[in-house]
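For reference, the structure is listed below as structure tokens.
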């Protein structure tokens, strides 16, 4: 910051006495890289001295310091940062403290002029606080859960709720027989309106400093090139940003090159359309997953105002109910420079959407998570023409929508797709075993939870007793042969791999942190056990020995490192396999060494070798 005195030796000594990490003290070459730890256990000083020379270095840095009550409890702190020198990035992680930085920006016009990027994240805290709230709520509502016979998988957000939408046995007591009446429609509407009003007031208060910062950048002749507002758990969250915020943001339309916006529930109908185009915008990410039944005309207008887009990511509700779908999205725009396209939502207008795809022949990377019913004419995608997406080289298809996957391949189309990713958690994975024309695929990514990769245990006797015995068909059912279970995901993979004759890298995601299961022994919901060497061993048995795969990559963010004893004596592996990548809590890349006594895995350097990056950039080790 202008006028900041050089860092003195006294500063370093003071930092050492207060046990501050060295990265907390900015160096003279990067004076605006200001980190925000709690410098002392006292509240930070927020009064700026008249002259910078009148205070110590630590006192001056303390002007930007924010303090969160969770820091002292050892939980991640929320901080706001100003990073950079000539081109400053403003990172906001604590909306409650934005006013402090806004004040500094307004008082320092030269600083406002240098802000080129604003990155906001408003997140719902997970972890122990949520669990404590759930336990307390369960006590109030007298919810008594009984152990289930089988493991039940439910979404994380439902599991964290006090009343999961899963059938769970509850003890019946006379004292609990009288249930309170359900709220009337009028009461629910009143509660919703009250929530929306409170959310609007909160948003107006928190957005005011942001609006000031955006306006200050403009009046200081600054150039804002990037703006992003990420918000997790937007569904069910009332937070309506005021028109003044959108006006201040739209004022930067002439200079913005990247824009990311996550919309809150029922916010889109209040969104004003942009008054002018975004001529330089190259990257646009819009998350409207909470726009159930909302008028999306303003979003449609925003999309139509970006003629220079190179990358578009758009998410909207995947609900099949007509009244629950986003409204007034016309798909009538064209982006001649578009190369990366990521779409997720219900196929509410198949014909218009098919025409939209046909107009974008330069797309090279496409993530297709368009949801539909195979037997529903109103949602089923139109057949992909041979001249549609001719330059496509990387494709991702989501589970439950895999029925249309074969349409991307075939000799007539001639698409040279080298990277293919699929989600297998939603069903329809059988189509992988029927694929043709996939000889050009070099990298195959198969994404599923850790449970889909584990062989399910045989059903217990208790489960066999669940058959209906009161309909007069009990004896007939016993005479019938048991139903043949569908093939497991590992079995499907084993059938599919021989078709991928040019495959060089296979990536298997067996994530354990995205789901919760009910564990009868502990009588609570928890994550399944993380991936281990046993899961890797089981997977290897389903990879054909005659494969061409050179790199096998396993990922689970909760997985521990592979044991040294396992690495020193690997189970049987295909002869073509050269590298093993284990992406757990730590990432490690191993080179396989074949000896007379077997195969062992040796770490490649520091493990940070080529092959990392986005899914469409994979395959570095196999080149």
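Numbering (the working numbering), first residue to last: -14 to 608. Ideal Cβ placement from N, Cα and C applies to all residues, glycine included.
Residue i by DSSP, collapsed to three states: which one?
i	result
residue 526	coil
residue 130	Bear in mind that the predicted position of residue 130 carries a pLDDT of just 33, short of 50, making it unreliable; the figure below should be weighed with that in mind. It is coil, neither helix nor strand.
residue 487	coil
residue 438	helix
residue 419	helix
residue 566	strand
residue 551	helix
residue 580	strand
residue 243	strand
residue 29	The predicted position of residue 29 is uncertain, since its pLDDT is 34 and thus under 50; a value taken from the coordinates is nonetheless stated next. Residue 29 falls in the coil class under three-state DSSP.
residue 358	coil
residue 81	helix
residue 272	strand
residue 189	helix
residue 97	helix
residue 387	helix
residue 53	Only weak support is given to the placement of residue 53: the predicted model assigns it a pLDDT of 28, under 50, and the value that follows is read from those uncertain coordinates. Residue 53: coil per DSSP, three-state reduction.
residue 393	helix
residue 314	coil
residue 139	Only weak support exists for where residue 139 lies, its pLDDT of 37 falling under 50; the value from the coordinates is given anyway. Reduced to three states, the DSSP call for residue 139 is strand.
Would you kindly report the start and end of the unbroken alpha helix (DSSP H) that includes residue i?
i	result
residue 229	228 to 235
residue 479	474 to 481
residue 340	335 to 343
residue 307	Where residue 307 is concerned, there is no enclosing alpha helix (DSSP H), given that its DSSP letter is neither H nor E.
residue 469	Taken as a continuous stretch (DSSP letters only), residue 469 belongs to no alpha helix (DSSP H), as it is neither H nor E.
residue 284	282 to 288
What is the C-beta distance between residue i and residue j, in whole angstroms, given that I count them as a contact (C-beta under 8 angstroms)?
i	j	result
residue 304	residue 331	6 angstroms
residue 543	residue 497	5 angstroms
residue 474	residue 414	6 angstroms
residue 95	residue 210	Wrong, their Cβ atoms sit about 18 angstroms apart, outside the cutoff.
residue 423	residue 490	Wrong, their Cβ atoms sit about 14 angstroms apart, outside the cutoff.
residue 480	residue 418	4 angstroms
residue 547	residue 518	6 angstroms
residue 97	residue 207	6 angstroms
residue 216	residue 107	5 angstroms
Using a Cβ-Cβ cut-off of 6 angstroms (strictly less than) and excluding sequence neighbours within five positions of residue i, which residues of its own chain qualify?
i	result
residue 352	327 and 381
residue 416	387 and 390
residue 392	369
residue 213	104 and 245
residue 345	323
residue 406	381, 430 and 600
residue 494	432 and 540
residue 87	194, 197 and 198
residue 283	256 and 258
residue 339	367
residue 571	546
residue 400	377
residue 325	296 and 350
residue 484	420 and 423
If we cut at 9 angstroms on Cβ distances, does residue i have a partner in chain B?
i	result
residue 71	Absence of chain B from the displayed structure is noted, only one protein chain being present.
Short of 7 angstroms in beta carbon distance, which residues of its chain neighbour residue i, apart from the five on each side in sequence? Order them along the chain.
i	result
residue 188	224, 225, 226 and 227
residue 601	350, 379 and 404
residue 521	539
residue 111	Note that residue 111 scores 37 on pLDDT, short of 50, meaning its location in the model is unreliable; the coordinates nonetheless yield the value given after this. Counting only Cβ-Cβ distances below 7 angstroms, and skipping sequence neighbours, we find nothing.
residue 343	370 and 373
residue 259	235, 238, 286, 287 and 290
Specify, as a first and last residue, the run of the beta strand (DSSP E) that residue i falls within.
i	result
residue 77	73 to 77
residue 379	379 to 382
residue 408	404 to 408
residue 538	536 to 540
residue 297	296 to 300
residue 512	Here residue 512 belongs to no beta strand (DSSP E), and DSSP marks it neither H nor E.
residue 328	325 to 331
residue 212	211 to 216
residue 504	500 to 504
residue 66	66 to 68
Take residue i and list the residues in its own chain whose beta-carbon comes closer than 8 angstroms to its own, dropping the five residues that flank it on each side.
i	result
residue 589	564, 574, 575 and 576
residue 611	As shown, the chain starts at -14 and ends at 608. That puts residue 611 outside it, with no answer to give.
residue 73	17, 67, 96, 99, 100, 101 and 102
Query raised in the report: Taking contact to mean at least 3 C-beta pairs separated by less than 8 angstroms, is the stretch 560 to 575 in contact with the stretch 535 to 543?
Result: yes
Query - Stretch pair the stretch 254 to 269 + the stretch 280 to 289: three plus CB contacts closer than 8 angstroms - result: Touching, yes.
Query raised in the report: With contact counted as at least three CB pairs below 8 angstroms, one residue from each stretch, are the stretch 549 to 558 and the stretch 496 to 513 in contact?
Result: no
Query raised in the report: Counting pairs of beta carbons, one from the stretch 228 to 240 and one from the stretch 270 to 281, are three or more of them closer than 8 angstroms?
Result: no
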